[in-house]
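I have placed the structure first, in the form of C-alpha cells, so that the comments after it can refer back to it.
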Amino acid sequence: MTADGFRTLSVRAGRAADVEHLAILDPVAGSDGGERRGNIRRWCRDGAVLVAGTPTGLVGYVVVEYTFFEQGFVTMLMVAEPARGHGVGERLLRAAAASCRTGKLFTSTNLSNHPMQRLLQRIGWRPVGMVHGLDDGDPEVFYLCASQSAETAG
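Residues in the sequence shown are numbered from 19 upward in steps of one, following our numbering.
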C-alpha cells in the first residue's frame, strides 16, 4: 500500500466479522497454536477492539481492557507490517485514549521494543515503571497516557 492509501485511514469498533482479518494481519496468530486467534475472537466479542482500516482492508488493531487495577490498559497494539510507519499505531492509540472509560490508561512493552517505546514517547505517553521477570532478560516498561492523567488531575 502506498502512503496515499493511509490518508483515508478510519478507526472503528471491531466486530466478530473482523476476527479472521485480524488474525491474518497478526503474525503471532498464525504461529502460536491458536491462542492469539482465540484472544482476538474474545476481544471482538467483548467489545475491547478498535480496528484501523483503509479502503483496501484492515491494517491494525488495538485492545483496551479494564483489568489492570480497574483502569484502562492497552493489552495489544498490532499494525500489519506493510502499514508500519504510516501513523496507524498513533491513530489507534489516540482512539483508545478517546474511548477509555476510566481516569487512567496504561500500556506496557518490552524494554527491547524500541519502535513501540518511540511511538509512545512521541505521542506523549510517559514511562511510569518497570517490571522484571515477565520475559527473562527483557523487562516490561509501563506507560501512562499523558492526556488521561492530565484529565484526572484537572
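Just so it is clear, CB atoms sit at the ideal spot from N, CA and C, and this is done for glycine as well.
For residue i: DSSP bridge partner residues
i: N131; result: Note: N131 sits in no beta bridge, so no partner.
i: S28; result: G71
i: E158; result: N128 and V149
i: E83; result: F91
Proximity to residue i [Cα-Cα], best of the options
i: L76; options: L110, R63 and V92; result: L110
i: V46; options: M94, A34 and F87; result: M94
i: F24; options: P73, V80 and A116; result: P73
i: D44; options: A101, E88 and D154; result: A101
i: A66; options: S165, G48, G121 and V37; result: V37
i: A98; options: C163, C62, E158 and A41; result: A41
i: Q216; options: L152, E158, A116 and C118; result: There is no way to answer for residue 216, as the model of the chain reaches only from 19 to 172.
i: R112; options: V149, S49, V146 and G142; result: G142
i: A35; options: R63, G48 and M96; result: R63
i: V80; options: G151, V146 and S117; result: S117
i: V92; options: G103, G51, H104 and T120; result: T120
i: D153; options: A164, N131, S165 and L162; result: N131
Residue i in three-state terms, based on DSSP
i: L76; result: strand
i: L152; result: coil
i: R33; result: coil
i: D44; result: coil
i: D50; result: coil
i: A66; result: coil
Minimum Cβ-Cβ distance from residue i to chain D less than 8 Å
i: T74; result: Absent from the structure: chain D. Only one protein chain is present.
Anticipated Cβ contact below 8 Å, residue i with residue j, distance rounded
i: G32; j: V69; result: 5 Å
i: F160; j: S126; result: 5 Å
Worksheet entry | Minimum length 4: unbroken alpha helix (DSSP H) runs contained in the stretch 88-149 | 106-117 and 132-140
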